[in-house]
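Visitor:
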Amino acid sequence: MILKQYIEDRVLDVLIKSDINNIEVVVDRTQNPEFGHYTTSTPFNLSKILKKSPYDIAREIAEKIQDPLALIDKIEIKGGFINFFLNTDAFHLVVEDILEKKERYGRFNEGQGKKVQVEFVSANPSGPLHVGNGRGGALGDVLANIFEWFGYNVEREFYVNDMGNQMNLLALSVEARMRELLGEDFEIPQEGYHGEYVKDIARSALEKFGNGIWNLSEEERLKELKEFAEETILSWQREDLALFGIRFDCWYRESTLHKNNTLGEALEILKSKGYTYERDGAIWFASTRFGDEKDRVLVKSDGSSTYFLADIAYHLDKYKRGFSHIIDIWGADHYGYVARMKASVEALGYDPDTFEPIIYQIVHLFRGGSAVRMSKRTGEMVSLRELLDEVGKDAARYFFVMRDPNSQLDFDIELAKSQSINNPVYYVQYAFARCCSLFKQAELKGIDIGRIDHCDLSCLQDPLERDIMMILEDFPDMLKNVFYNRAPHRLTAYLESLAKGFHSFYNSLRIIQENEDLMYARMALVSATRQVIKNGLDILGVSAPEKM
RNA sequence: GCGCCCAUAGCUCAGGUGGAUAGAGCAACAGACUUCUAAUCUGUGGGCCGCGGGUUCGAGUCCUGCUGGGCGCGCCA
Numbered sequence: 000m001i002l003k004q005y006i007e008d009r010v011l012d013v014l015i016k017s018d019i020n021n022i023e024v025v026v027d028r029t030q031n032p033e034f035g036h037y038t039t040s041t042p043f044n045l046s047k048i049l050k051k052s053p054y055d056i057a058r059e060i061a062e063k064i065q066d067p068l069a070l071i072d073k074i075e076i077k078g079g080f081i082n083f084f085l086n087t088d089a090f091h092l093v094v095e096d097i098l099e100k101k102e103r104y105g106r107f108n109e110g111q112g113k114k115v116q117v118e119f120v121s122a123n124p125s126g127p128l129h130v131g132n133g134r135g136g137a138l139g140d141v142l143a144n145i146f147e148w149f150g151y152n153v154e155r156e157f158y159v160n161d162m163g164n165q166m167n168l169l170a171l172s173v174e175a176r177m178r179e180l181l182g183e184d185f186e187i188p189q190e191g192y193h194g195e196y197v198k199d200i201a202r203s204a205l206e207k208f209g210n211g212i213w214n215l216s217e218e219e220r221l222k223e224l225k226e227f228a229e230e231t232i233l234s235w236q237r238e239d240l241a242l243f244g245i246r247f248d249c250w251y252r253e254s255t256l257h258k259n260n261t262l263g264e265a266l267e268i269l270k271s272k273g274y275t276y277e278r279d280g281a282i283w284f285a286s287t288r289f290g291d292e293k294d295r296v297l298v299k300s301d302g303s304s305t306y307f308l309a310d311i312a313y314h315l316d317k318y319k320r321g322f323s324h325i326i327d328i329w330g331a332d333h334y335g336y337v338a339r340m341k342a343s344v345e346a347l348g349y350d351p352d353t354f355e356p357i358i359y360q361i362v363h364l365f366r367g368g369s370a371v372r373m374s375k376r377t378g379e380m381v382s383l384r385e386l387l388d389e390v391g392k393d394a395a396r397y398f399f400v401m402r403d404p405n406s407q408l409d410f411d412i413e414l415a416k417s418q419s420i421n422n423p424v425y426y427v428q429y430a431f432a433r434c435c436s437l438f439k440q441a442e443l444k445g446i447d448i449g450r451i452d453h454c455d456l457s458c459l460q461d462p463l464e465r466d467i468m469m470i471l472e473d474f475p476d477m478l479k480n481v482f483y484n485r486a487p488h489r490l491t492a493y494l495e496s497l498a499k500g501f502h503s504f505y506n507s508l509r510i511i512q513e514n515e516d517l518m519y520a521r522m523a524l525v526s527a528t529r530q531v532i533k534n535g536l537d538i539l540g541v542s543a544p545e546k547m
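Residue numbering for the first sequence is 0 to 547, as defined by numbering that gives the first Met the number 0.
Written out as structure tokens, the structure is:
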């Protein structure tokens, strides 16, 4: 980043002195060493404006480039490209930068403490979390971490859907299972819950309430059971998420919105602005006026409110809590809600750009080559807990964010468990452990670790060393990419390439050795590598074991 | 039917705001441990970027029409 920035600034400097303004200069790393380390194609873009050939422009710019830090070895013109070759000393600046900034390397202060909310998982309290929730959980938590790295004050929130018919069905299902356990006739409602876990809840309910529960009125009994089932399931979810390394700042219940009459408030705002109307005895929101494909019902003809109105109220409440940016992480099956929620945010009077739903595609579980079937109806879903028990937190988190959220994810349980090169988590963690091991070795040999931080890096001249330094240089820039594109999978890919660079270096060059200058310089590089892997794993919420 | 997502090596996937000869890993084959962790490394082969048009100096990337797969289109929650 510092090097790329340096090149960019040098080019910009020439343009400004030539009175060419408002031109964006993009400097890229090259893929081919033939083209140097960094390149820019700005001359192509200037060609039309200046009415000169890209080649001539490139030559003119190249001639005027200043190099106050003496980092540029040579500049070559190829067509309209300006290719920059840096000297090896340039890359030493990167190592120094990392050793100075340490755990702050790659952080930015773009957010300046602005309040951002990331709401994710938000599974209904009607059953244990499943693997789909796992992807949403990992994605949301990592994005929240990224926002923190960019200087935002982030709140993680879980929305608890504790109202509605589903909870009544849950209570009825539990009651049926209780009767079953008592050897009575029972019937699980058609749309009820059939999973094994319902029996577990029924069993604990019998223990907790005893026979007295049957003396209550039907209504009273179901109310008790509903509350009991809900709290039980919520505690499961909380445990699962804790095992998954996720802690929410706030568990926000839908019932709170009803108690505070936020629904009425939201409805009033929409009404007063004239965005509602009555038809067929229902109250409608004219969401098509804000780009939705059809208008939506807020209050049904029987007088009850829709889930959508509660959602509008929920988002009104979020804005009232002072968040400047609101992110909702939704599964692909919620795509249909994007347009209407955007519409309602705008109708309430807030900037729809500050509301950002992020959609992730579904997860397919595999075990070796074969797909693991999931069925919601029979309740035989693979739970997040089972997955965590089998592959562990680190592999689970890593695998869930390893792919573009827009792409479906094939999650191979066997691969996630395997302790081999095939498994990218182990590959990256192993690189970290090797770094740590080198430090341990160094200490055993009585080497002065403190000297590493201010050693002479000039003996780092090997291409393998330079490759690592170039990757390390890229870290902050890569994080910007991750941040702006909401694309954590680029971080995992980055860590794998850094680990690869390190393993190559480790295998072919001796680090701890007779030549002390070289040894300290290489240890400095190891130290920088270790730091960057650590920073990256921290963002992912994956542990960095010192020994494996 | 309409909206959105996806399609890149045999497999799983990378390829910010368009840039040079499209990259990894796995699998296959051939090699490397008396020495800092072989959970590693080195080398080889492998491609009409789903198909057809268009935009321009330049397209895997942008626009458009198809094909195939996934998801969504309730006065459900």
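A virtual CB, placed ideally from N, CA and C, is assigned to each residue, including glycine. Just so we're clear, the structure is a prediction, and the values are computed from it rather than from any experiment.
Roughly how many angstroms lie between the CA atoms of residue 6 and residue 17, to the nearest whole one?
Guide: Their Cα atoms are separated by approximately 17 Å.
Visitor: If you compare alpha carbons, which of 154, 58, 8, 176 is closest to residue 318?
Guide: Comparing Cα positions, the closest option is 154.
Visitor: Going by beta-carbon coordinates alone, are residue 396 and residue 540 separated by less than 7 Å?
Guide: Yes. Within cutoff.
Visitor: Quick check: the Cα distance between residue 300 and residue 186, rounded to an integer number of angstroms?
Guide: Distance between the alpha carbons of residue 300 and residue 186 is about 31 Å.
Visitor: My understanding is that residue 117 touches residue 326, with C-beta atoms under 8 Å, so please give their C-beta distance in whole angstroms.
Guide: Yes, they are in contact, since the Cβ atoms of residue 117 and residue 326 sit about 5 Å apart, within 8 Å.
Visitor: Spatial neighbours of residue 376 within its chain, please: CB distance less than 6 Å, with the 5 preceding and 5 following residues excluded, ordered by chain position.
Guide: Any reading at residue 376 is ruled out, since the residue's pLDDT is 45, under 50, leaving its predicted position unreliable.
Visitor: Whole angstroms is fine: what's the gap from residue 30's alpha carbon to residue 350's?
Guide: If I take the Cα positions, the gap works out to 41 Å.
Visitor: For residue 249, which of 159, 81, 337, 547 has the nearest alpha-carbon?
Guide: That would be 159, whose Cα lies nearest to the Cα of residue 249.
Visitor: Run the CB neighbour count on residue 271, radius 10 Å, all protein chains shown included, and call it buried at 16 or more, exposed below.
Guide: When all chains shown are included, residue 271 counts as exposed.
Visitor: Could you give the distance in angstroms between the alpha-carbon of residue 496 and the alpha-carbon of residue 470?
Guide: Looking at the two C-alpha atoms, the distance is approximately 8 Å.
Visitor: For residue 378 and residue 173, what's the separation of their Cα atoms in angstroms?
Guide: Low per-residue confidence applies at residue 378: pLDDT is 47, beneath 50, and the placement is therefore not dependable enough to give any value.
Visitor: Within 10 angstroms of its Cβ, does residue 343 collect 16 or more other Cβ (buried), or is it exposed?
Guide: By the neighbour-count rule (16 or more Cβ atoms within 10 Å), residue 343 is buried.
Visitor: As an exercise, report each continuous alpha helix (DSSP H) stretch of at least 4 residues that is fully enclosed by the segment 440-527, in chain order.
Guide: 462-484, 488-507, all fully within the segment 440-527.
Visitor: If distances are taken between C-alpha atoms only, which option among 315, 472, 235, 240 comes closest to residue 95?
Guide: Among 315, 472, 235, 240, the Cα nearest to that of residue 95 is on 472.
Visitor: When DSSP labels each residue in this structure, what does residue 367 get in the three-state scheme?
Guide: The answer is coil: DSSP assigns residue 367 none of H, G, I, E or B.
Visitor: Where residue 277 and residue 283 are concerned, what is the direct C-alpha to C-alpha distance, given to the nearest angstrom?
Guide: Near 6 Å, if we compare the C-alpha coordinates of residue 283 and residue 277.
Visitor: Do the CB positions of residue 437 and residue 532 come within less than 7 Å of each other?
Guide: Their beta carbons are not under 7 Å apart, which means residue 437 does not touch residue 532 by this criterion.
Visitor: Is the distance from the Cβ of residue 406 to the Cβ of residue 114 below 7 Å?
Guide: No, Cβ-Cβ distance for residue 406 and residue 114 is not below 7 Å.
Visitor: Can you list, in chain order, the residues of its chain whose CB lies under 6 Å from that of residue 106, leaving out five sequence neighbours each side?
Guide: For residue 106, where only same-chain residues beyond five positions count, the Cβ hits under 6 Å are 148.
Visitor: Please state the DSSP three-state secondary structure of residue 382.
Guide: Three-state DSSP puts residue 382 in a strand.
Visitor: Can you pull the DSSP bridge partners for residue 116?
Guide: Partner(s): 154, 325.
Visitor: Can you tell me whether DSSP reads residue 276 as helix, strand or coil?
Guide: If DSSP states are grouped into helix, strand and coil, residue 276 belongs with the strands.
Visitor: Using the three-state DSSP reduction, which class does residue 375 fall into: helix, strand or coil?
Guide: For residue 375, the predicted model reports a pLDDT of 47, less than 50, meaning its position is unreliable; a value from the coordinates is still stated below. It is coil, neither helix nor strand.
Visitor: Considering only C-alpha positions, which residue in the set 523, 120, 298 is nearest to residue 246?
Guide: Closest by alpha carbon: 120.
Visitor: Among the residues of its own chain, which have a CB less than 7 Å from the CB of residue 519, if the five just before and after it don't count?
Guide: 450, 451, 454, listed in sequence order.
Visitor: Which residue comes first and which comes last in the beta strand (DSSP E) that contains residue 281?
Guide: That run of the beta strand (DSSP E) goes 281-284.
Visitor: Just curious, the alpha helix (DSSP H) that residue 140 is in, first and last residue?
Guide: 130-148 is the span of the alpha helix (DSSP H), which, as asked, contains residue 140.
Visitor: Could you tell me if residue 334 is buried or exposed, where buried requires 16 or more neighbouring beta carbons within 10 angstroms of its beta carbon?
Guide: The residue in question, residue 334, is exposed, as its Cβ has fewer than 16 Cβ neighbours within 10 Å.
Visitor: Under the three-state reduction of DSSP, which class applies to residue 27: helix, strand or coil?
Guide: Strand at residue 27.
Visitor: Across the segment 135-143 and the segment 83-100, are there enough close Cβ pairs to call them in contact, namely three or more that are closer than 8 Å?
Guide: Not touching, per the Cβ criterion.
Visitor: Please report how far the alpha carbon of residue 359 lies from the alpha carbon of residue 403, in whole angstroms.
Guide: In a straight line, the C-alpha of residue 359 is about 8 Å away from that of residue 403.
Visitor: If I measure Cβ to Cβ from residue 204 and keep anything under 7 Å in the same chain, skipping five residues before and after, which residues do I get?
Guide: Once the five neighbours on either side are set aside, the close Cβ partners of residue 204 are 173, 177, 224, 227.
Visitor: Rounded to the nearest angstrom, what separates residue 503 and residue 462 at their Cα positions?
Guide: Their backbone Cα atoms lie some 11 Å apart in a straight line.
Visitor: Mind checking whether residue 220 and residue 212 have CB atoms under 7 Å apart?
Guide: Yes; because the gap between Cβ atoms is below 7 Å, this pair is in contact.
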